[in-house]
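Using my numbering, you'd call the opening residue of the sequence shown number 2 and step up by one each time. Everything below concerns the one structure shown next.
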Amino acid sequence: MTFVLCTLSLCTLAQDYIRLGERTIMGTARYVGMSGAMSAIGGDPSAAHDNIAGIGLYRRAEGMISLDVTRGSSRTMVGVPHASFVLSLPNFQEGSKVKFNNLFFSYRRLQLYNLSILGKGENAPSLGALIAGAQTNWDIPFCVDRTNDTYSLDLIEGGAVNEFDFGWAMNISDQWYTGLGLNIQSYTMRSNALYEETFESLYNRNKTTIYHTGVSASLSAGVIYRPAVWMRLGLGVETPSLGSLSTYTTGTFTAKTDSVRNSYAPDAVMRDGNFHMPLHTSTSAAFQIGAYGMVALQYDFYYQNSADPIHSLRAGFEVIPVMGLYINAGYACESPFKRSKKVVPMDPTFDRQDTYFTRPNITHYASFAIGYRGPQVIVQAAYQYRWNRQDIYAHENITNPFDTKTQTHRVVLTIGWHQ
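This is the structure:
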């Protein structure tokens with residue numbers, strides 16, 4: 002019994018880590034408009050998420066803040082995904098190759114949880130069979146060893162992953178740019194689920210609530226190299242973040258066989274001292290087209306030992322039709338964090354009563370932006386379309402998952418000042 006409990010608990014933690022490790026392309030309007038393909042371009046606070054060396058391209062102080070409106074899963078959310086300040090310090094020492102030392106602070110949202118589904122199906126294996134197989138000692142009757150007539154899952158998720166960044170970067174001879182950063186993340190995610198299956202006049206009903214909260218920290222480093230005036234090459238690395246995660250769970254299971262009785266899952270707080278988020282590397286190349294704009298290509302890699310790695314391909318371009326006016330467009334394609342085997346959140350100790358889990362699939366982004374950069378004022382606006390599909394299983398024995406297709410529309414407005 003001990004081996005079974007440990008195995009299922011590890012699967013539960015893996016599922017939590019996969020969800021909390023997910024990232025979305027968010028930030029300034031320019032960054033969103035380029036679909037995040039800015040690791041070699043720099044000069045933007047959100048690009049520092051992929052390569053902190055991009056802060057080295059600043060030649061004057063700048064403050065920026067962004068507002069976005071996100072529509073997805075039948076819900077509209079308004080938020081502030083980014084705020085930043087860059088202090089640019091020129092080096093007046095004669096003969097030094099270091100031209101600028103820049104300091105950087107930023108708040109940014111890394112992920113927004115905004116899922117609401119109501120899935121229904123027929124003729125699937127019963128949750129009762131999973132309960133019996135897990136050898137739980139619940140003082141309650143439940144329907145087992147039969148196929149249900151209908152089943153449904155009502156699932157709502159909310160929360161966000163936020164990050165606070167502190168960085169330093171420098172400009173060496175207008176050819177090399179390098180930087181170091183400290184990143185502090187905060188995690189909040191809440192899930193409410195109601196799973197119900199009926200067998201003519203009988204039923205199993207499972208209602209659960211899970212609340213995650215935690216903090217972690219990571220280090221970042223990066224470099225941008227200009228081998229020619231028209232070319233930039235970038236490399237950024239962010240270490241796995243280390244921290245702590247608290248998980249609060251409640252649940253009520255009800256079944257109707259010959260009688261109806263309730264079983265209550267006691268509140269539980271579990272802490273994992275080895276909680277960490279993914280290793281992130283970013284490699285990119287940008288090509289400048291005279292004074293009229295540039296084209297950028299980028300590959301990002303996220304590694305997490307509890308899931309398959311993420312591969313992200315991004316492409317973007319920027320056009321400057323007249324001085325001060327910037328037009329951006331971009332596309333990104335990203336594989337998901339997922340396990341090659343099913344993740345089984347069922348915990349027979351009843352501390353984790355949730356039985357549902359997700360298997361995300363590929364995500365696509367398409368975006369467009371327009372902005373003005375004047376002598377002191379910056380105004381940018383962007384639109385992003387994000388398309389994602391994921392399979393949601395009500396429990397391990399379900400063979401036909403709910404195939405959910407999420408289309409998210411995001412509008413971003415960024416305003417800033419530089420001097």
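In this text, a Cβ means the ideal position worked out from N, Cα and C, and glycines have one as well.
How should residue 410 be labelled, buried or exposed, when 16 other C-beta atoms within 10 angstroms of its C-beta is the threshold for buried?
-> exposed
Mind checking residue 67: buried by the 16 CB within 10 Å criterion, or exposed?
-> buried
Would a C-beta distance cut-off of 7 angstroms place residue 17 and residue 31 closer than the cut-off?
-> Cβ distance not < 7 angstroms, so residue 17 and residue 31 don't count as in contact.
Along the chain, where does the alpha helix (DSSP H) that runs through residue 32 open and close?
-> 30 to 34
Residue 217 vs residue 186 beta-carbon contact at 7 angstroms = yes
Please report the residue range of the beta strand (DSSP E) in which residue 218 lies.
-> 203 to 229
Length-filtered (3 minimum) beta strand (DSSP E) runs lying within the segment 94 to 125 | 99 to 123
Residue 370 in three-state terms, based on DSSP = strand
Would you mind sorting residue 375 into buried or exposed? The rule is 16 or more other CB atoms within 10 Å of its CB.
-> exposed
Out of 398, 101 and 51, state which residue places its alpha-carbon closest to the alpha-carbon of residue 126.
-> 398
For residue 64, the first and last residue of its enclosing alpha helix (DSSP H) | Here residue 64 belongs to no alpha helix (DSSP H); instead the beta strand (DSSP E) covers 63 to 73.
Following the continuous alpha helix (DSSP H) through residue 128, name the residue where it begins and the one where it ends.
-> 128 to 134
Is there contact here, the segment 355 to 370 with the segment 91 to 98, by at least three beta-carbon pairs under 8 angstroms?
-> no
Measure the C-alpha to C-alpha separation of residue 327 and residue 83 and round it to an integer number of angstroms.
-> 20 angstroms
Residue 5 - DSSP class collapsed to helix/strand/coil = Unreliable placement is indicated for residue 5, whose pLDDT of 29 sits below 50; no coordinate value is reported for it.
Any non-hydrogen atom of the ligand SAH closer than 6 angstroms to residue 334 Cβ | Because no ligand of any kind appears in the structure shown, any question about the ligand SAH cannot be addressed here.
Quick one, are the C-beta atoms of residue 143 and residue 132 less than 7 angstroms apart?
-> Against a cut-off of 7 angstroms, the Cβ pair of residue 132 and residue 143 comes out as a contact.
What are the residues that DSSP puts in a beta bridge with residue 164?
-> 109 and 186
Same chain only: Cβ atoms within 7 angstroms of residue 334, ignoring 5 sequence neighbours per side = 314, 363 and 365
For residue 123, does the count of other Cβ atoms within 10 angstroms reach 16, so buried, or fall short, so exposed?
-> exposed
One or two residues paired with residue 329 in a DSSP bridge = 319 and 370
Whose C-beta lies closer than 6 angstroms to the C-beta of residue 2 among residues of the same chain, with five residues either side of it excluded?
-> In this prediction, residue 2 has a pLDDT of 23, which is less than 50 and means its spatial position is unreliable; what the coordinates show is noted afterwards. Excluding residues within five positions, none has a Cβ falling inside 6 angstroms.
Examine chain D for any beta-carbon lying closer than 7 angstroms to the beta-carbon of residue 228, and answer yes or no.
-> In summary, chain D is missing from the structure at hand, where a single protein chain is found.
Residue 179, buried or exposed, once every other Cβ within 10 Å from all chains shown has been counted against 16 | By the neighbour-count rule (16 or more Cβ atoms within 10 Å), residue 179 is buried.
Put residue 410 into one of helix, strand or coil per three-state DSSP.
-> strand
Boundaries (first-last residue) of the beta strand (DSSP E) holding residue 248 = 243 to 257
Among residues of its own chain, excluding the 5 on either side of residue 384, which ones have a beta-carbon nearer than 6 angstroms to its beta-carbon?
-> 369 and 412
Run the CB neighbour count on residue 188, radius 10 Å, all protein chains shown included, and call it buried at 16 or more, exposed below.
-> By the neighbour-count rule (16 or more Cβ atoms within 10 Å), residue 188 is buried.
Is DSSP giving residue 20 helix, strand or coil here?
-> Note: residue 20 maps to helix in three-state DSSP.
Select from 35, 152 and 299 the residue whose C-alpha is nearest the C-alpha of residue 394.
-> 152
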